[in-house]
Amino acid sequence: MHALTEKQLRSSFVNASQRERTVMSLPALDGLEWDSLDYLGWRDAKLAGVGYVVVELDGRPVGIQLRRAESKPNSRAQCSWCEDVTLPNDVVFYSAKRAGKSGRNGNTVGTLVCEAFECQVNARRTPPPAYLGYDVEAARRRRIEAMRVNVANFVRDIRDSD
51 MHALTEKQLR
61 SSFVNASQRE
71 RTVMSLPALD
81 GLEWDSLDYL
91 GWRDAKLAGV
101 GYVVVELDGR
111 PVGIQLRRAE
121 SKPNSRAQCS
131 WCEDVTLPND
141 VVFYSAKRAG
151 KSGRNGNTVG
161 TLVCEAFECQ
171 VNARRTPPPA
181 YLGYDVEAAR
191 RRRIEAMRVN
201 VANFVRDIRD
211 SD
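Here our numbering is used: position 32 in the sequence shown is 82, and no number is missing along the way.
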């Protein structure tokens with residue numbers, strides 16, 4: 051990702067109102083290693099159950115606001131983004147209203163995601179060798195690329211709803 055200013059970050063959100071953009075808590079932008087981020091994801095420090103994700107699509111940052119479900123899944127869920135089966139963290143249901151008129155009409159999209167958006171770390175962990183001669187580095191690269199595609203497709207689905 052390219053480094054973003056506070057103003058660029060707030061203006062990137064496609065499914066948040068002007069008021070929601072103004073009151074959102076931003077992460078500390080100083081010290082972020084922007085070059086190593088596939089996306090920027092964080093939970094709002096002031097608003098319980100609200101999270102944000104910003105990803106570059108077509109060379110531009112696109113942000114979405116998500117709301118976490120109040121209850122957690124009854125069984126151990128798999129993250130739809132990193133698809134890790136040995137998760138060290140909880141996976142929860144997040145919903146996001148669609149952008150534009152569709153979102154204003156109440157249309158939403160949901161997904162199961164790592165609770166604090168740890169997908170980038172999970173996808174980069176070296177997987178256990180599945181068999182003798184298994185190329186774990188190639189498998190890790192495939193997981194990273196699949197995670198990037200899954201996040202981008204979810205954000206694109208929110209953005210391109212009209």
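The beta-carbon is built from N, C-alpha and C at its ideal position, and this holds for glycine as well. Fair warning: this is a prediction, and the values are worked out from it, not measured in the lab.
- Item | CB contact flag (R209, A149, <8 angstroms) | The residue you call residue 209 lines up with position 159 of the sequence shown. The residue you call residue 149 lines up with position 99 of the sequence shown. Contact: yes.
- Apart from the five residues on each side of it in sequence, which residues of its chain come closer than 7 angstroms, Cβ to Cβ, to A146? Reading the sequence shown from its first residue, position 96 is the one you call residue 146. For A146, where only same-chain residues beyond five positions count, the Cβ hits under 7 angstroms are N65, I114, Q115, L116, T158, V159, I208.
- Message: So, for V186: in the same chain, excluding its five sequence neighbours on each side, which residues have a beta-carbon less than 7 angstroms away from its beta-carbon?
- Response: Walking along the sequence shown from the start, residue 186 turns up at place 136. Hits under 7 angstroms: T176, P177, P179.
- Message: My output table needs one value for V64: the three-state DSSP class, helix, strand or coil.
- Response: As a position in the sequence shown, residue 64 is number 14, starting the count at 1. In this structure, V64 counts as coil in the three-state DSSP scheme.
- Quick one: what's got a C-beta closer than 6 angstroms to A119's C-beta in the same chain, skipping five residues either side? Along the sequence shown, one-based indexing puts residue 119 at 69. F143, listed in sequence order.
- Tell me the DSSP bridge mates of C164? Within the sequence shown, numbered from 1, the residue matching residue 164 stands at position 114. Paired residue(s): V141.
- Query: Among G101, C132, K96, Q128, which residue has its Cα nearest to the Cα of R191?
  - Reply: Along the sequence shown, read from residue 1 onward, the residue named residue 191 stands at position 141. Residue C132 holds the alpha-carbon nearest to the alpha-carbon of R191 among G101, C132, K96, Q128.
- Query: Would L11 be called buried (16 or more neighbouring beta carbons within 10 Å of its own) or exposed?
  - Reply: One cannot answer for residue 11 here, as it falls past the ends of the chain, which runs 51 to 212.
- Can you grab the Cα-Cα spacing for the pair G99 / D108, in whole Å? Here residue 99 refers to the residue found at position 49 of the sequence shown. Here residue 108 refers to the residue found at position 58 of the sequence shown. In a straight line, the C-alpha of G99 is about 29 angstroms away from that of D108.
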